[in-house]
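Quick notes on the structure that follows.
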Amino acid sequence: MPGAAHPVLIVNPRSGDGKAERVGLVHECRARGIEPAVLWPGDDVVALAEAAVARGADVLGMAGGDGSMALVASVAARHGVPMVVVPAGTRNHLAMDLGLDRGNVVGALDAFGAALEHPIDLGEVSGRPFVNNVSLGLYARIVRSPEYREARIETTLSMLPALLGPGSRPFDLRFTGPAGERHTRAHVVQVSNNAYGRTVRTLISRPRLDAGRLGVIAVELPEGPPDRVFLSALAAGQPERYPGFLAWEPSTFEVDSGELVDAGIDGEALRLSPPLRFATRPGALRIRVPQEATGRSPAARELPSRARPRGVPGPRVPGIRTDSASLRRPGGGTESLDG
94 MPGAAHPVLI
104 VNPRSGDGKA
114 ERVGLVHECR
124 ARGIEPAVLW
134 PGDDVVALAE
144 AAVARGADVL
154 GMAGGDGSMA
164 LVASVAARHG
174 VPMVVVPAGT
184 RNHLAMDLGL
194 DRGNVVGALD
204 AFGAALEHPI
214 DLGEVSGRPF
224 VNNVSLGLYA
234 RIVRSPEYRE
244 ARIETTLSML
254 PALLGPGSRP
264 FDLRFTGPAG
274 ERHTRAHVVQ
284 VSNNAYGRTV
294 RTLISRPRLD
304 AGRLGVIAVE
314 LPEGPPDRVF
324 LSALAAGQPE
334 RYPGFLAWEP
344 STFEVDSGEL
354 VDAGIDGEAL
364 RLSPPLRFAT
374 RPGALRIRVP
384 QEATGRSPAA
394 RELPSRARPR
404 GVPGPRVPGI
414 RTDSASLRRP
424 GGGTESLDG
């Protein structure tokens, strides 16, 4: 695709411990003719994105965490404007699954120039967008801890004994499983925008972002001390070996409860009123990536060529099409999704 005529990048200077400021992202934007819109404390990121589109932005970008990415993505999808993801947050999971170099913040700006574009899905929970996942139960409770943002690993480890130890109770999360069976308790429910990988090296990555399905994972643990079978299966990267582990890929999903539900939406802690209704919007978001980006997530790279689902191509060879899914390039040519 040709370069943007009126590119706008919303920049959160505090995200990722000030990553955008450290690399001089606002200065780099101006040097490239990209309009920077800085997200100051108290600003509404959705309002900033809407204002940018109203000013004529033909490509909209976000430099910040995945929670902000989802909100800007909802605006971009609503107006049919392509979006650029700049990995200036802490974990940058969306950037990872788009095949971007998460360590090269400035390089992501290349997507505002001549770039590759392809559609990806956008998840929704009760009308709120998400690009990665929504966690309920155990992880959502941990995310609500005030200490979590400053010390994620330490806080998680310190809270696990109380949440999983003797006397711990499952969460009031009611849902229908893959075989139509009813569940009324669970320690963990995670709903993702497309399913995550199933091997030890791909559990935090998704092989596709355009399958048009949700990925649902639920874990039910017995009462009492932490279950050794579950912990062993988790440590081995094979949680499906545990009898209380469920994983399936519906297009819609609903969770009910008798109380407000703690939720971690793309890492942001919220409380939602039940029932929680999840859905996917297939191909709702137009994503631009630099021409030199791999375009493939760690999970996609782990798939052998013969096992790749449609839409996950093999390595690109100049002049050779490796997959039926394609991206548009300047001049009307095509490029495989790993471009």
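Just so you know, we're using my numbering here: the sequence shown kicks off at 94 and counts up by one.
All C-beta atoms, glycine included, are put in the ideal place defined by N, C-alpha and C.
Residue i versus residue j - alpha carbon distance
i	j	result
Pro-95	Tyr-232	42 Å
Ala-201	Glu-217	26 Å
Val-354	Pro-367	7 Å
Gly-196	Gly-158	14 Å
Gly-305	Ala-356	22 Å
Asn-100	His-120	In the sequence under discussion, the amino acid at residue 100 is Pro, which differs from the Asn named in the question. Their Cα atoms are separated by approximately 15 Å.
Phe-338	Asp-190	24 Å
Met-176	Ala-97	11 Å
Gly-360	Ala-124	32 Å
Thr-387	Gly-192	5 Å
Asn-48	Leu-187	Any property of residue 48 remains undetermined from this structure, which presents the chain solely from 94 to 432.
Ala-130	Val-104	6 Å
Phe-268	Gly-149	43 Å
Glu-347	Leu-363	17 Å
Leu-118	Arg-221	29 Å
Arg-409	Ala-393	Low confidence applies to Arg-409: its pLDDT is 33, below 50, so where it sits in the model is not reliable, and the reading given next is rough at best. Going by the C-alpha atoms only, they are around 14 Å apart.
Range covered by the beta strand (DSSP E) that runs through residue i
i	result
Ala-377	369-383
Ser-108	No beta strand (DSSP E) holds Ser-108; the alpha helix (DSSP H) holding it covers 108-115.
Ala-87	The displayed coordinates of the chain run from 94 to 432. Any statement about residue 87 would go beyond what the structure contains.
Ala-356	354-358
Buried versus exposed, by CB contacts within 10 Å (16 or more), residue i
i	result
Glu-385	exposed
Ser-161	buried
Ser-298	buried
Glu-313	buried
Thr-345	exposed
Thr-373	buried
Ala-204	buried
Beta-bridge partners of residue i, as assigned by DSSP
i	result
Glu-128	Val-101
Met-40	Shown here, the chain extends from 94 to 432; a query on residue 40 therefore has no answer.
Leu-202	None; Leu-202 has no bridge partner.
Glu-217	Pro-222 and Ala-372
Thr-345	Ala-372
Enclosing alpha helix (DSSP H) for residue i [first to last residue]
i	result
Leu-187	186-190
Val-394	According to the sequence provided, residue 394 is Arg. The question's Val does not apply to it. Segment 391-395, the alpha helix (DSSP H) holding Arg-394.
With contact counted as at least three CB pairs below 8 Å, one residue from each stretch, are the stretch 279-293 and the stretch 177-186 in contact? No: the two stretches stay apart, fewer than three of their Cβ pairs being nearer than 8 Å.
For the stretch 135-151 against the stretch 110-120, are there 3 or more C-beta pairs whose distance is under 8 Å? Contact fails between the stretch 135-151 and the stretch 110-120, because fewer than three Cβ pairs, one in each stretch, are under 8 Å apart.
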